[in-house]
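S.K.:
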Amino acid sequence: MEHRLDLAGLEEHELEQALAGRGQPRFHARQIFQWIHKRGVTDPEAMTDLGRDLRRQLSDEFDLLTPEVLRREQSSDGTTKFLLRLADGKQIESVYIPDTPAQTFCISTQVGCAMRCAFCLTGKMGIDRNLTAGEIAGQVRVLARELGMLDTRFNIVLMGMGEPLHNYEATMKALRILADEHGLAVSPRRVTLSTVGVLPALEKLATEPVMPNLAISLHSTTEEQRDLLVPINRKYGLKELLDACRRFPVKRRERITFEYVMLDGVNDTPEDARRLVRLLHGIRGKVNLLPLNEAAGIPFTRPSDDRVNRFARILADHGVTVSVRKSRGRDIRAACGQLITESARTDSPGKRLATLMSAGR
Ligand code: SF4
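Residue numbers (the numbering used here): 820 to 1180.
1) At which residues does the alpha helix (DSSP H) containing proline 1019 begin and terminate?
2) In whole angstroms, what is the alpha-carbon distance linking threonine 990 and threonine 919?
3) Could you name the residues of the same chain whose beta carbon sits closer than 7 Å to that of glutamate 833, not counting the 5 residues immediately before and after it, in chain order?
4) Cβ atoms of lysine 900 and glutamate 892: under 8 Å apart, would you say?
5) Give me, in chain order, the residues of the same chain whose beta-carbon lies closer than 7 Å to that of proline 863; leave out the 5 immediate sequence neighbours on both sides.
6) Buried or exposed: where does glutamate 982 fall if 16 or more other Cβ atoms within 10 Å of its Cβ makes it buried?
7) For the alpha helix (DSSP H) that contains alanine 865, what are its first and last residues?
8) With hydrogens ignored, establish whether the beta-carbon of arginine 904 is closer than 7 Å to any heavy atom of the ligand SF4.
9) In chain order, which alpha helix (DSSP H) runs of at least 4 residues are fully inside the region 889-963?
10) Does tyrosine 1079 come out as helix, strand or coil in the three-state DSSP assignment?
11) On a Cα-Cα basis, can you pick out the residue from Leu966, Ser1013 and Leu1048 that is closest to glycine 979?
12) Could you check which residue in Arg1126, Thr1011 and Glu1000 has the C-alpha nearest to that of lysine 857?
13) Just to confirm the assignment, what range does the beta strand (DSSP E) spanning alanine 1115 have?
14) Taking its Cβ as the centre, do 16 or more other Cβ atoms sit within 10 Å of leucine 1047, making it buried, or is it exposed?
15) To the nearest angstrom, how far is it from the Cα of valine 1017 to the Cα of threonine 1076?
16) Have a look at the DSSP bridge pairing and note the partners of glutamate 887.
17) Report the residue ranges of all alpha helix (DSSP H) runs contained in full by the region 990-1072; include only those spanning at least 4 residues, in chain order.
18) Taking the beta carbon of glutamine 836 as the centre, do at least 16 other beta carbons fall within 10 Å, making it buried, or is it exposed?
19) Compute the Euclidean distance between the alpha carbons of histidine 847 and leucine 962, then round it to the nearest angstrom.
20) Spatial neighbours of arginine 1144 within its chain, please: C-beta separation below 8 Å, excluding the five flanking residues on both sides.
21) Hey, would you say the C-beta of glutamate 1192 is under 7 Å away from at least one heavy atom of the ligand SF4?
22) For isoleucine 946, which of Leu1033, Arg849, Gln910 and Val1139 has the nearest alpha-carbon?
23) Heavy atom of the ligand SF4 less than 7 Å from the Cβ of cysteine 939, yes or no?
24) Quick one: what's got a C-beta closer than 8 Å to glutamate 965's C-beta in the same chain, skipping five residues either side?
25) Quickly, what does DSSP pair serine 1142 with across the bridge? List them, please.
26) Say the cut is 7 Å; is the CB of valine 1015 nearer than that to a heavy atom of the ligand SF4?
27) Tell me the DSSP bridge mates of asparagine 974?
28) Hey, could you find the ends of the alpha helix (DSSP H) proline 1089 is sitting in?
29) Assuming glutamate 1078 and alanine 1034 are in contact, meaning their beta carbons sit under 8 Å apart, how far apart are those beta carbons, in whole angstroms?
30) I'd like to confirm the pairing. Which residues does DSSP put opposite aspartate 825 in its beta bridges?
31) Using the C-alpha atoms, what's the distance from glycine 1116 back to arginine 935?
32) Would alanine 1025 and phenylalanine 973 qualify as a contact pair, given that the criterion is a beta-carbon distance under 8 Å?
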């Protein structure tokens, strides 16, 4: 079957090429891009400033793929979780988090995730497939349209399902589409990419002309424990990761965020806090503590506020900028590490990891 290009997954210059290759003037590319990304239309027939022949040609020869909203759940704190169906029937989740104080969209980069972090429900699904650039950017388009926010400033965090650096090309292309001034014009400065540390891709990210803010999912202060909590550590260890962070070109007044999920009695001791201070020495960074969002099938518990505060105080006393994340959307399972689609929710809990972790305590 002939491969049809997805209009929503093309950058403006690619749209120009596609039109030129079909005998159409290039200048229509901007109009089409604006219709899709700025005005949120999902059907070429609605692009009313294009001639009828071109509209028909777009419908006949291209796809215009838009994730379909299957379900929308709103939390008591205003956080809204969207279950979206892709063209092939696969499902992903995206979340709108209001007033943080910015408006923020948390979007996915893969169906499932291959990283299998021990405290994460998405990781239990395993990886199904990568999202395309059109599907990654499409989540923002759909959420902004559904929420009446196409003309509103918002932030984007790549912290939904998947590891963005494990789907590098599509993720970076999606960020270029989102940044385009003729579309949603989301500056990369308002985007945060969160990674467990896929080192070759992180090194590549460091060379990009325009790059998002960087968040590192650290979660542990020793190689042995991180091997268990964040299994990619067995391939790209903590020391190498932090060395890469030291080399990362962080702009003036910016910092790398180190995310640290807090697991009661596992990685939340004063010794852990002091080790973390030493590990981050020489890196322009800040720490975001994430007390665990507990869930069935996750073999850990959330530490008490006292333990979290004690940990935070040690960091602060040693000059490390630290914040404690107030979890949003917990009542609808929209919080960090809780995104999982219905089909995967019936999977058996990760017993092997639970056994591994109890051995590692
Ligand atoms: S925490 Fe992130 S990288 Fe780890 S399994 Fe979950 S989605 Fe994947």
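Cβ coordinates follow ideal geometry from the N, Cα and C atoms, glycine included.
M.R.: This is what the structure gives:
1) 1018-1024
2) 24 Å
3) none
4) yes
5) Arg874, Leu877, Ser878 and Leu883
6) buried
7) No alpha helix (DSSP H) holds alanine 865; DSSP gives it neither H nor E.
8) no
9) 940-944
10) strand
11) Ser1013
12) Glu1000
13) Careful: alanine 1115 lies outside any beta strand (DSSP E) and carries neither H nor E.
14) buried
15) 16 Å
16) Arg904
17) 1018-1024, 1042-1048 and 1057-1066
18) exposed
19) 26 Å
20) Asn1107, Leu1108, Leu1109, Pro1110 and Cys1155
21) The structure shown has nothing for residue 1192, since the chain only spans 820 to 1180.
22) Gln910
23) yes
24) Val888, Arg891 and Phe901
25) Asn1107
26) yes
27) Thr923
28) 1089-1098
29) 6 Å
30) Asp882
31) 13 Å
32) no
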